Amino acid sequence: MAEILVDQNAPIFELMSEPTIVVGDHINTVWRGLACPYGTNEAGAALIIKALLTPLALATELACAIAGRYLGLPVPAPSIVLCDPELLTQIPPGVLQGSLRTADGQLIYYGSQLIFEHPIRPTSTLNPKVIERIWAKVCANEVAPSGAAWDELVANPDRHHENLTYDGERWWLYDHDKALASLADLYARITETESRVAIVAHQAPRNQIASEMERRRCDMAQVGQRSKTMSRSAKGFDLLVSSVEKWQNSDVRVNSVLVLATDVLRSIGFRLPAIELLVEQRINTKQNLSLLWSEPDA
22 MAEILVDQNA
32 PIFELMSEPT
42 IVVGDHINTV
52 WRGLACPYGT
62 NEAGAALIIK
72 ALLTPLALAT
82 ELACAIAGRY
92 LGLPVPAPSI
102 VLCDPELLTQ
112 IPPGVLQGSL
122 RTADGQLIYY
132 GSQLIFEHPI
142 RPTSTLNPKV
152 IERIWAKVCA
162 NEVAPSGAAW
172 DELVANPDRH
182 HENLTYDGER
192 WWLYDHDKAL
202 ASLADLYARI
212 TETESRVAIV
222 AHQAPRNQIA
232 SEMERRRCDM
242 AQVGQRSKTM
252 SRSAKGFDLL
262 VSSVEKWQNS
272 DVRVNSVLVL
282 ATDVLRSIGF
292 RLPAIELLVE
302 QRINTKQNLS
312 LLWSEPDA
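This note's numbering applies: residue 22 is where the sequence shown begins, and numbers increase by one.
Here's what the structure looks like:
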C-alpha cells in the first residue's frame, strides 16, 4: 500500500570524504561515498552518487524515486548531494566543467541509498547469454509486472539489464533521469489544459520490461493488475506533491532543482489515474488514447 514517506525537509546531503569511483560502462560518472544530511550532526549514509549535469535530469531522478517509493516500487531512497570538487579526485574534466554548482562552488549531484555493498551483478554484461539470463530472472520475479507498469507510468524508455540490481533478496530499479524526457517544455505551462493532456497521453517509444515479458510469454494481465493497484493511489498522491512543494533551499540552483522536481512529480500524478489505459495501450492496442483525458465538467 502506498505511503507518504517524504520528510519535512528536502533530502540534501553533503559529501564527507573522498568517494570511490564505480567502474563500469556508465553514461554518467558514478561514485560510492559517505554523505551526511547537510547542515546537521546526523549520522552519515553510504550513497551511490551520480553526476547528472542538468537541473531537469536531477529533478526527474529525484521525483521518480520519490514517486516510485510512494507507490511501493523497489527504488533506492533519493537525495541531492553537494560535493566539494577537491574530494572528487577521479572526476573527468568535462564532467567537472559541465556540473551545476552552488553559490559557494559545491557540485550538485544525485545520490541514492547504497542498497548492498556488493550487489549481485554480472561481470560481463556484454555477453548475450548473461544478459538473457538476467532478463529471465527478472521476468520470473514479481518485480517484472510492477516494473513494467511503473516504467509506463513515468514513460521511461531507458530500462536495461544494467539498471536492475539484485541484492540477494530482491531486484531494485534505478536510473530514471530520462523518464518523461520529451515533456520538459510543458512543465512551464503545467497549469494549462493542453499541457496536461499532452503529459497524460505521452508514451515512451518502448517499455523494455513489458517487451521482455511478452517475449517470454509471461502473464501480461499481471501488468494490468499492478497498474490498477497504482491507480488507487491517485488521490493520496496529491498530498505527496503538496509535501514536496514545501521543500526549499537557500541556494538558488538547488532550489530550482527542487521546484522542477515538484513539476515532474505533479506530472506523474496527472498520469496516475490513466495508468491502466496507458498499460492497456502498450500491451493491447484496442484502447484509444483520446480516452485518457476528459475535463471534469465534460
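Ideal Cβ placement from N, Cα and C applies to all residues, glycine included. Fair warning: this is a prediction, and the values are worked out from it, not measured in the lab.
ask   = In this structure, does DSSP put F34 in helix, strand or coil?
value = strand
request  = Note down the Cα distance separating R4 from L299, rounded to an integer number of angstroms.
outcome  = Given that the chain is displayed from residue 22 to residue 319, the structure contains no residue 4 and the question cannot be resolved.
ask   = Do P97 and I136 come within 7 Å of each other at the CB atom, strictly closer than that value?
value = yes
ask   = DSSP on A66, reduced to helix/strand/coil?
value = strand
ask   = Is it right to say V359 is buried, meaning 16 or more other beta carbons lie within 10 angstroms of its own, or is it exposed?
value = Since the first and last residues shown for the chain are 22 and 319, residue 359 lies out of range.
inquiry  = Give me the DSSP bridge partner(s) of P58.
reply    = F34
request  = State buried or exposed for A157, treating a residue as buried only when at least 16 other CB atoms are found within 10 Å of its CB.
outcome  = exposed
task = Select from L73, W171 and A219 the residue whose C-alpha is nearest the C-alpha of V116.
result = L73
request  = With G115 as the anchor, note down where its alpha helix (DSSP H) starts and where it stops.
outcome  = P114 to G119
request  = Round the Cβ separation of L68 and Q134 to the nearest angstrom and send it over; I've been treating them as touching at under 8 Å.
outcome  = 7 Å
query = Would you call the CB atoms of I296 and S248 closer than 7 Å?
reply = yes
request  = Please classify N305: is it buried, with 16 or more other beta-carbons within 10 angstroms of its beta-carbon, or exposed?
outcome  = exposed
inquiry  = Could you tell me the alpha carbon to alpha carbon distance between L201 and A78, rounded to whole angstroms?
reply    = 10 Å
query = Do W192 and L94 have their C-beta atoms closer together than 7 Å?
reply = no
ask   = Is the distance from the Cβ of I220 to the Cβ of G168 below 7 Å?
value = no
inquiry  = I'd like to know if I296 contacts chain B, where contact means its C-beta is closer than 7 Å to some C-beta of that chain.
reply    = Here there is only one protein chain, and chain B is not present.
CA-to-CA distance, E173 to L128, given in whole angstroms = 32 Å
task = Would you mind giving the Cβ-Cβ distance between V278 and A56, rounded to the nearest angstrom? I have them listed as a contact below 8 Å.
result = Wrong, their Cβ atoms sit about 16 Å apart, outside the cutoff.
request  = Return helix, strand or coil for K199, following the three-state DSSP convention.
outcome  = coil
task = Give the straight-line distance between the Cα atoms of K267 and T283, rounded to the nearest whole angstrom.
result = 9 Å
key: Opposing strand residues paired with R332 [DSSP bridges]   = Outside the shown range of the chain, which is 22 to 319, sits residue 332, and nothing can be said about it.
Collapsed DSSP secondary structure at L147 in the structure displayed = coil
key: Rounded Cβ spacing between V265 and L286 (contact assumed at less than 8 Å)   = 6 Å
query = K199: buried (16+ other C-beta within 10 angstroms of its C-beta) or exposed?
reply = buried
key: Where P149 falls, given that 16 or more other Cβ within 10 Å makes a residue buried   = exposed
inquiry  = I'd like the span of the alpha helix (DSSP H) that includes L74, first residue to last.
reply    = Careful: L74 lies outside any alpha helix (DSSP H) and carries neither H nor E.
query = Straight-line CA distance for F34 to V275?
reply = 12 Å
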